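**Q** Dropping a structure here in structure tokens format, bear with me for questions.
Protein chains in written order, with this note's numbering: chain A, 1 to 469; chain B, 470 to 854.
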């Protein structure tokens with residue numbers, strides 16, 4: 001179920017809110033059950049996978065925290081949980097990719113290339129990367145002694161399946177939710193902030209991200225677009241992915257607040273960053289901090305030699321790229337960001353263009369990010385190279401690509417592009433808007449919500465980009 | 470900060486999200502219907518059933534049906550945004566979006582052998598040849614191919630799009646020995662003299678249909694003069710007003726009312742001897758297969774003024790035709806396979822399909838076996854001569 005859909009907004013959410021607030025107790029159990037319904041809406045059997053992952057982590061967490069458990073047993077339980085979680089992820093997300101590439105390699109090395117590993121289509125469970133990371137972080141944190149083990153399987157299930165953050169994050173840690181599962185306040189203030197965040201996220205998604213998505217799709221699907229169109233296409237994609245993903249996070253945080261939970265923000269105006277290092281402090285914060293805490297620091301972080309630091313940065317970003325999907329484009333995207341981060345680390349945590357005035361630094365960072373989005377959005381490496389060739393004028397445009405202008409440069413798209421640019425380069429997030437709500441803001445939110453709903457009624461194009469991850 | 474705005478905002482939000490389902494239940498109850506939302510409990514919760522339930526709920530929504538036309542209208546009036554199915558060109562010209570997509574996006578003609586237009590066409594040619602029937606293929610240039618300047622902000626070399634997937638298909642078919650007619654350049658030339666395509670319709674004008682028929686007839690007669698018949702047809706001018714199909718795709722009735730219907734000058738074909746309007750003849754030596762381009766002015770208003778009638782007039786013989794809207798890639802051959810008697814006595818099959826079907830054809834380009842040749846079938850040549 002998608003937040004910005006008819007079924008969610010007008011059936012699921014009203015029913016869940018009503019029953020939740022009527023229930024005198026058992027609200028966590030209720031939330032878990034409806035979260036399973038929410039998740040199973042895509043494919044009911046996916047719920048079984050999530051239950052398996054939850055059960056495994058609950059069991060291993062219990063073993064790790066059992067009084068008197070030896071270090072060997074604790075370590076084995078940790079390894080079992082990690083292997084179980086990563087095994088699920090590896091099979092459902094990476095098996096086909098690995099099999100295809102190994103078969104290709106075998107073929108290059110002189111084998112037949114067929115049957116080295118059987119290739120079959122594996123259905124990718126929505127949001128598996130998100131909930132796997134969440135459940136893994138639980139077991140690791142229990143092992144590290146950062147959190148107490150879950151009081152019950154029901155609590156852990158509620159944490160992992162909680163529908164607001166289930167399929168596209170933010171990636172929430174158990175220590176943030178644990179106490180709230182036990183005791184949380186339901187206040188009018190919190191509910192109002194939740195409503196405001198939800199409306200803002202919903203409007204961002206419907207009014208900004210979707211139109212930008214149709215521009216980006218038109219250009220990225222085109223055969224050899226003109227250079228200007230290719231740049232506009234990748235800028236549209238940059239806005240689409242930001243307003244789509246951050247909108248989902250806003251709605252997730254808003255919905256969580258309606259049910260009394262506080263979960264941290266995931267974005268902080270990333271396109272105002274003056275370096276790639278800063279960009280990663282502002283973009284998908286819950287993923288970058290997860291990678292930092294559970295991968296970069298255990299690898300040694302920056303506490304060893306400079307060379308090892310560069311290696312760690314590169315590896316973390318490479319794996320971060322792979323987390324997004326089983327495709328060479330994501331690996332290339334991760335490698336690209338890893339090398340930029342390593343370069344900035346080599347320059348003393350500054351960018352190579354730190355001598356430029358601030359607008360220049362922001363502009364260069366944005367262009368570097370745009371190049372990475374071209375890699376990220378392309379279906380394969382050859383398309384990515386060809387697209388970059390179009391952007392930089394190395395590839396000649398095809399004759400029919402001239403028709404793209406009618407799809408891109410419409411008054412509607414140009415207006416949305418301008419609004420997106422203003423909002424992206426303005427250091428003002430929806431959280432700032434919500435912090436001090438007042439009558440005038442409430443009177444802005446109301447028509448905005450109606451406008452977004454009306455626009456939703458006319459849109460059939462309504463994907464959420466991060467669901468596929 | 471005063472407290473009062475909070476309950477107001479919450480109340481507003483809840484009112485919006487509850488009012489729609491409640492009003493929907495009220496509307497359904499007023500029609501004596503069971504609430505559609507409860508259907509979800511009547512079905513097995515499979516992914517397919519849930520998707521279908523979600524779609525049905527949205528389609529059945531009275532609020533969506535009420536609001537959508539207004540929003541579409543507003544989007545068009547304020548931003549010249551014609552919605553998800555159409556593209557707006559200069560001078561108020563509307564284009565069907567898949568026509569544009571077909572030209573702009575890559576299209577691997579041979580990427581999936583089971584769905585390859587080249588393979589399907591060659592196979593069909595061979596099936597017909599085994600019955601000594603020739604095949605002439607006409608990929609119909611869609612509106613953006615003939616009017617690219619109405620869409621492109623950039624100037625186009627020679628006013629043409631140059632090499633497109635259709636040109637590639639024609640070349641591949643030529644190499645495979647399939648007879649084809651490329652109408653694109655001729656239609657681009659003709660558009661200077663009269664309207665080639667309608668401003669707010671996916672299809673061509675009656676004049677373009679007539680000229681295309683003349684070109685195709687000339688091509689057939691040059692190869693097989695013996696095909697010409699003895700029926701003399703005459704034409705008479707008729708004017709009609711056509712409300713373009715692209716206007717309907719805007720899904721805004723208020724716009725449909727404001728955008729005027731286009732006057733179209735047609736030439737209706739009638740038999741000189743009887744004075745009756747042209748009609749098909751199942752026993753004709755020529756069978757025409759195609760899509761809505763052949764329906765235009767032929768079985769649509771004003772009747773007998775489309776491509777088929779004018780081709781018949783040029784060939785002086787009535788034709789047999791099978792027309793399937795949007796289904797000229799596979800469905801029209803399936804129809805033929807269900808009525809194989811129509812092939813009896815045929816010398817030539819003309820197969821028209823709009824060029825976007827090369828990529829987007831309904832049900833792709835499947836192989837459609839024709840029933841076995843009957844001994845009584847006449848043998849009059851396997852090639853367009």
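Ideal placement from N, C-alpha and C gives every residue a C-beta, glycine not left out.
Because the structure is a prediction, the values reported are computed rather than measured.
Would you kindly report the start and end of the unbroken beta strand (DSSP E) that includes residue 704 of chain B?
**A** First-last of the beta strand (DSSP E) with residue 704 of chain B: 702–711.
**Q** Tell me which same chain residues have a C-beta within less than 7 Å of the C-beta of residue 30 of chain A, skipping the five on either side of it?
**A** These residues qualify, in order along the chain: 19, 20 and 23.
**Q** Three-state secondary structure (DSSP) at residue 546 of chain B?
**A** DSSP places residue 546 of chain B in helix when its eight states are reduced to three.
**Q** Look at the alpha carbon of residue 771 of chain B and the alpha carbon of residue 451 of chain A, and state the distance between them as a whole number of angstroms.
**A** The straight-line gap from Cα to Cα measures roughly 43 Å.
**Q** If the cut is a Cβ gap below 9 Å, which residues of chain A does residue 536 of chain B touch?
**A** Within 9 Å Cβ-Cβ: 453, 454, 457 and 458.
**Q** Over what stretch of residues does the alpha helix (DSSP H) that includes residue 474 of chain B continue unbroken?
**A** Run containing residue 474 of chain B: 474–499, per the alpha helix (DSSP H) assignment.
**Q** If you follow the alpha helix (DSSP H) that residue 306 of chain A is part of, which residue opens it and which one closes it?
**A** First-last of the alpha helix (DSSP H) with residue 306 of chain A: 306–324.
**Q** How many Å lie between residue 81 of chain A and residue 62 of chain A at the Cα?
**A** Rounded to the nearest angstrom, the two C-alpha atoms are 11 Å apart.
**Q** Please report the distance separating the alpha-carbon of residue 701 of chain B from that of residue 787 of chain B.
**A** Each residue's alpha carbon lies about 10 Å from the other.
**Q** So, helix, strand or coil for residue 576 of chain B, using DSSP?
**A** If DSSP states are grouped into helix, strand and coil, residue 576 of chain B belongs with coil.
**Q** What's the C-alpha gap between residue 285 of chain A and residue 270 of chain A?
**A** Distance between the alpha carbons of residue 285 of chain A and residue 270 of chain A: 10 Å.
**Q** Could you check what DSSP says for residue 51 of chain A in three-state terms: helix, strand or coil?
**A** Here residue 51 of chain A sits in helix by DSSP.
**Q** Quick check: is the beta carbon of residue 182 of chain A nearer than 9 Å to any beta carbon in chain B?
**A** By this cut-off, residue 182 of chain A is not an interface position.
**Q** Would DSSP call residue 353 of chain A helix, strand or coil?
**A** In this structure, residue 353 of chain A counts as coil in the three-state DSSP scheme.
**Q** Strictly under 9 Å for the Cβ-Cβ distance: is residue 789 of chain B near chain A by that measure?
**A** Not one chain A Cβ lies under 9 Å of residue 789 of chain B.
**Q** Against residue 552 of chain B, what residues of chain A qualify as contacts under a CB-to-CB distance less than 8 Å, listed in chain order?
**A** Under the 8 Å cutoff, chain A gives 458.
**Q** From the DSSP secondary-structure annotation, give me the bridge partner or partners of residue 666 of chain B.
**A** Paired residue(s): B:673.
**Q** Short of 7 Å Cβ to Cβ, which residues in the stretch 598–631 of chain B face chain A?
**A** Residues passing the 7 Å Cβ filter: 613, 617, 620, 621, 622, 623, 625, 630 and 631.
**Q** Using a Cβ-Cβ cutoff of less than 7 Å, which residues in the same chain neighbour residue 349 of chain A once the five nearest sequence positions on both sides are dropped?
**A** For residue 349 of chain A, where only same-chain residues beyond five positions count, the Cβ hits under 7 Å are 277.
**Q** Under 9 Å, Cβ to Cβ, is there at least one residue of chain A near residue 573 of chain B?
**A** Judged by the 9 Å Cβ criterion, residue 573 of chain B is in contact with chain A.
**Q** Between the stretch 194–204 of chain A and the stretch 371–390 of chain A, do at least 3 Cβ pairs fall closer than 8 Å?
**A** Touching, no.
**Q** In three-state DSSP terms, what is residue 176 of chain A?
**A** It is helical.
**Q** I need the boundaries of the beta strand (DSSP E) containing residue 737 of chain B, first residue and last residue.
**A** Segment 731–740, the beta strand (DSSP E) holding residue 737 of chain B.
**Q** Under 8 Å Cβ to Cβ from residue 393 of chain A, same chain only, skipping five residues before and after it: list those, please.
**A** Excluding residues within five positions, the ones whose Cβ falls inside 8 Å are 227.
**Q** Anything in chain A within Cβ reach of residue 727 of chain B, meaning under 7 Å, just list it in chain order.
**A** By Cβ distance, chain A contributes nothing, its closest Cβ being about 18 Å from residue 727 of chain B, past 7 Å.
**Q** Between residue 676 of chain B and residue 667 of chain B, what straight-line distance do the alpha-carbon atoms span, to the nearest angstrom?
**A** Those two C-alpha atoms are separated by around 10 Å.
**Q** Whose Cβ in chain B lies nearer than 8 Å to the Cβ of residue 6 of chain A?
**A** Chain B residues near residue 6 of chain A: 523, 526, 527, 530 and 533.
**Q** What do you get for residue 188 of chain A, buried or exposed, if any count of 16 or more other CB atoms within 10 angstroms of its CB means buried?
**A** Classification of residue 188 of chain A: exposed, given that the 10 Å Cβ count is below 16.
**Q** Residue 1 of chain A by DSSP, collapsed to three states: which one?
**A** In the structure shown, residue 1 of chain A sits in coil (DSSP, three-state: anything other than H, G, I, E or B).
**Q** Of all the options A:272, A:380 and A:308, which has the alpha carbon lying nearest to the alpha carbon of residue 427 of chain A?
**A** Looking at the Cα atoms, A:272 is the closest of the given residues.
**Q** Whose Cβ in chain B lies nearer than 8 Å to the Cβ of residue 399 of chain A?
**A** Neighbours of residue 399 of chain A on chain B, chain order: 625, 626, 629, 630, 631, 632 and 633.
**Q** Give me the residue from A:334, A:7 and A:212 with the minimum Cα distance to residue 411 of chain A.
**A** Cα-wise, what sits closest to residue 411 of chain A is A:212.
**Q** Straight-line CA distance for residue 275 of chain A to residue 210 of chain A?
**A** Rounded to whole angstroms, residue 275 of chain A to residue 210 of chain A spans 28 Å at the Cα level.
**Q** Strictly by DSSP, which residues pair up with residue 775 of chain B?
**A** Paired residues: none, contrary to the question.
**Q** Nearest to residue 427 of chain B by alpha carbon, out of B:651, B:809 and B:773?
**A** Limits of chain B in this structure are 470 at one end and 854 at the other, which puts residue 427 of chain B out of reach.
**Q** Decide if residue 149 of chain A is buried, meaning its Cβ has at least 16 other Cβ atoms within 10 Å, or exposed.
**A** Buried: at least 16 other Cβ atoms inside 10 Å.
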